[in-house]
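Q: Questions regarding the structure given below will be posed in turn.
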Amino acid sequence: MCTRFFFLVLVFCGWQAFAQQSSPKRELRAVWIATVDNIDWPRPGDYNPNSQQQSFRQILNNHRQSGMNAIFVQVRDAADAYYAKGATEPWSEWLTGRQGRAPEPFYDPLEFMIAESHQRNLEFHAWLNLNRAVFKGHPNVTPDHVSRQHPDWMLTYDGTKFFNVGVPEVRNYITSIVTNLVRNYDLDGIHFDDYFYPYKVVGQVLNDQVTFYKYGAGYANIHDWRRDNINQLIHQISDSVKVIKPYVKFGISPFGIWRNRSSLAPDGSETRGLSSYDDLYADTRKWLQMGWIDYIAPQVYFHRGHKRVPYEPLVDWWRKNCFGRHLYIGQGAYRMNGESGWDSPDEMPIQIRFNRQHSEIQGSIYFSSRSLLNNYKGFQDTLRRDLYRLPALVPTMPWKDHTPPLPPQEFELKRTPTQVLMRWQMPPAAVDGEVPRRFVVYRFRENEPIILNNTSKILAILPVPQTSYADTPPTPGNYRYVVTALDRLQNESYGVMTDVEVQ
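If you count by mature numbering (1 follows the signal peptide of the UniProt record, and there is no 0), then the sequence shown holds residues -19 to -1, 1 to 484, one letter each, in order.
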């Protein structure tokens, strides 16, 4: 029978034995969904909104089954848009078949994607391409496209038009695109990939010398100036996001190498390859040092035996250089589709287990959705059966919010012949004004310690406004149920607990 009294408990969340468990309580498990060139979504040639929505739901359902808790969706491919509210850039050609054409019948893809993601307890990060204005081989842009309205803002390199971020107005323009999204949509994060200044192409010259002569006073050379242009832009975006919605996360996924020690950079990694600092003018390490970004997700798309960029030494360098911010590893799931060095189906699982050995590494983001859904080397099966079989909460960011919500109220149980029915009520707002966004339901045997870090005890993570749950215990006996609340940044409340006997 259900006990006739209910009580609040300070549920013990520690126990070092669970801190490094094989399936951690806190771990980002995310996937990039690329829209440029219809890599992941929408399907090529699918311009029907109903079909697009159905396809996106299927993608989310598949990734939820694989244990994911966040998605990063590309909503700006080349100075275009997958959203309606406040948009100053034209609809993307990869959404509707022609740049500038709105969906018909109309819907707002970003609003739809956020709602569907949150219903499935998936964080939604809006992924923007920062530097690309006109995609190579796609010159047919709308008359109001920024590349036509401001040709003086453009640099042409290897058939692609890029924003000249050395121009202050360009930096302001890109920042305005970000702030518009943050103001108008219920985003969990803003995300940039690895494109800052363009990747070098033999025989091509980046013609920004005139801009350097105009704005480069005080810099030793054009290279330092280019790096500072990117630094100013990242800092400006960071400050702007914090002012508008301090809870929105801001992170970047750069190329895997910051600098090579072999290139006479004593602080660099033991690698020999292209570097963000020297080749793309992105001083990614500085952004962490200065606290401008909340997380970094270096694209460590290399196997452990790579001769120039082996996986483990590079990841080791990053965990020693994340300066208290979150470090997620960008995992090259697409490499498992027959690339040299990725023959063994154990390569990626070994990488994930290596990450879990180090507390500085707080999860992974996989490129890309299609590669996981295609189950290369059976990796999706491995996630479902093993690595991500148990759920995980997104890691907290105490520098953004460290105040937990209040616990659920009026928790009660009722036993039926086959189920245990639970109900509770929403608590009032915490001292920081936050109310719960999710609830977590745990089940323990009567003689088991109440350790909330033991993820095998999680029955469900429920989105608000759901305040009930039905459980079918596996065998007769005495059980204890605990329910906690999570706020937007997944700080967890104390628990409410009660007992029930199942005969």
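Cβ atoms here follow ideal geometry from the backbone N, Cα and C, with glycine treated the same way. Keep in mind that this is a model prediction, so the values were computed, not measured.
#1: Check whether the region 307 to 318 touches the region 341 to 355, taking contact to mean three or more Cβ pairs, one atom from each stretch, closer than 8 angstroms.
#2: Per the contact definition of three or more C-beta pairs closer than 8 angstroms, is the region 126 to 134 in contact with the region 179 to 190?
#3: What number of angstroms, rounded off, separates the C-alpha of W298 from the C-alpha of S349?
#4: Taking I215 as part of the alpha helix (DSSP H), name the residues at either end of that continuous run.
#5: Have a look at the DSSP bridge pairing and note the partners of D452.
#6: On the DSSP letters alone, give me the boundaries of the alpha helix (DSSP H) that D297 sits inside.
#7: For the region 288 to 307 and the region 261 to 278, state whether three or more C-beta atom pairs, one from each stretch, are separated by less than 8 angstroms.
#8: Helix, strand or coil: which one does DSSP assign to L168?
#9: From the DSSP output, in three-state form, read off F(-8) for me.
#10: Would you identify the three-state DSSP class for N435, choosing helix, strand or coil?
#11: In angstroms with no decimal places, state the Cα-to-Cα distance between G476 and N102.
#12: Going by DSSP, which residues form a beta bridge with D174?
#13: By DSSP, does V481 sit in helix, in strand, or in coil?
#14: With a cut-off of 8 angstroms, do at least 3 Cβ pairs link the region 147 to 158 to the region 213 to 232?
#15: What is the rounded straight-line gap between the Cα of V464 and the Cα of W13?
#16: Note down, one range per segment and in chain order, each beta strand (DSSP E) of at least 3 residues found wholly within the region 312 to 396.
#17: Using DSSP bridges, identify the partner residues of N241.
#18: I believe E8 touches A373 by the beta-carbon criterion, under 8 angstroms. Please report the beta-carbon distance rounded to the nearest angstrom.
#19: Rounded to a whole number of angstroms, what is the C-alpha to C-alpha distance between D452 and F144?
#20: Closer than 8 angstroms by C-beta to I203: which residues in its own chain qualify, once you throw out the five before and the five after it? Chain order, please.
#21: If you compare alpha carbons, which of R82, K117, I238 and P227 is closest to W273?
#22: Sorted by chain position, which residues of the same chain lie with C-beta nearer than 8 angstroms to R38's C-beta, five sequence neighbours on each side aside?
#23: If you drop the 5 nearest sequence neighbours on each side, which residues of the same chain put their C-beta closer than 6 angstroms to that of Y28?
#24: Tell me whether T160 sits in a helix, a strand or coil according to DSSP, three-state version.
#25: What number of angstroms, rounded off, separates the C-alpha of G286 from the C-alpha of G322?
#26: Does the Cβ of D264 have 16 or more other Cβ atoms within 10 Å, making it buried, or fewer, making it exposed?
#27: Kindly give me the distance between the Cβ atoms of N19 and L354, rounded to whole angstroms, as I take these residues to be in contact under 8 angstroms.
#28: Among the residues of its own chain, which have a CB less than 8 angstroms from the CB of Y180, if the five just before and after it don't count?
#29: What are the partner residues of N459, as DSSP defines its beta bridges?
#30: Which residues in the same chain as D125 place their Cβ atom closer than 6 angstroms to its Cβ, once the five residues preceding and following it in sequence are excluded?
#31: Report the rounded CA-to-CA distance for Q185 versus P30, giving the unit in angstroms.
#32: For V422, report the span of its beta strand (DSSP E) as first-last.
#33: Give me whichever residues DSSP pairs with residue 507 in a beta bridge.
#34: Could you please give the first and the last residue of the uninterrupted alpha helix (DSSP H) stretch that includes Y194?
#35: Per DSSP, what kind of secondary structure is N472 in: helix, strand or coil?
#36: In the DSSP assignment, what are the bridge partners of T141?
A: From the atom records:
#1: Flag = yes, the region 307 to 318 and the region 341 to 355 touch.
#2: Touching, no, given that fewer than three Cβ pairs across the two stretches are closer than 8 angstroms.
#3: Roughly 24 angstroms separates the two Cα atoms.
#4: I203 to I225 is the extent of the alpha helix (DSSP H) around I215.
#5: Per DSSP, the beta-bridge partners of D452 are V401.
#6: Going by DSSP, D297 is part of the alpha helix (DSSP H) stretching over Y292 to R300.
#7: Because the criterion of three Cβ pairs below 8 angstroms is met, the region 288 to 307 and the region 261 to 278 touch.
#8: Reduced to three states, the DSSP call for L168 is coil.
#9: Its pLDDT being 46, under 50, F(-8) is placed unreliably by the model, and the measurement read from it follows with that caveat. Note: F(-8) maps to coil in three-state DSSP.
#10: Judged by DSSP in its simplified three-state form, N435 adopts coil rather than helix or strand.
#11: Roughly 20 angstroms separates the two Cα atoms.
#12: DSSP lists no beta-bridge partner residue for D174.
#13: If DSSP states are grouped into helix, strand and coil, V481 belongs with the strands.
#14: Counting C-beta pairs with one atom in each stretch, the region 147 to 158 and the region 213 to 232 have three or more that are closer than 8 angstroms, which means they touch.
#15: Each residue's alpha carbon lies about 31 angstroms from the other.
#16: Whole beta strand (DSSP E) segments, 3+ residues: 342 to 347 and 390 to 396.
#17: Bridge partners of N241: S250.
#18: 4 angstroms between Cβ atoms; contact.
#19: One alpha carbon belongs to D452, the other to F144, and they sit about 55 angstroms apart.
#20: Only D189, Q190, F193 and G197 meet the Cβ criterion.
#21: When each option's Cα is compared against that of W273, the closest is P227.
#22: The beta carbon of R38 lies closer than 8 angstroms to those of E97 in the same chain, with the five residues before and after it left out.
#23: T77 and G78.
#24: Here T160 sits in helix by DSSP.
#25: Between the alpha carbons of G286 and G322 lies a distance of about 7 angstroms.
#26: Sixteen is the threshold: when 16 or more other Cβ atoms of the shown chains lie within 10 Å of the Cβ of D264, as they do, the residue is buried.
#27: 14 angstroms between Cβ atoms; not a contact.
#28: Sequence-distant Cβ neighbours of Y180 in its own chain, meaning closer than 8 angstroms and more than five residues away, are L255, D260 and L261.
#29: The partner list for N459 (beta bridge, DSSP) reads E482.
#30: None.
#31: Roughly 40 angstroms separates the two Cα atoms.
#32: Taken as a continuous stretch (DSSP letters only), the beta strand (DSSP E) holding V422 covers R419 to R426.
#33: Not covered by the structure: residue 507. The range shown for the chain is -19 to 484.
#34: Segment Q190 to Y196, the alpha helix (DSSP H) holding Y194.
#35: Residue state, collapsed to three classes: coil.
#36: Beta-bridge partners of T141 (DSSP): Y138.
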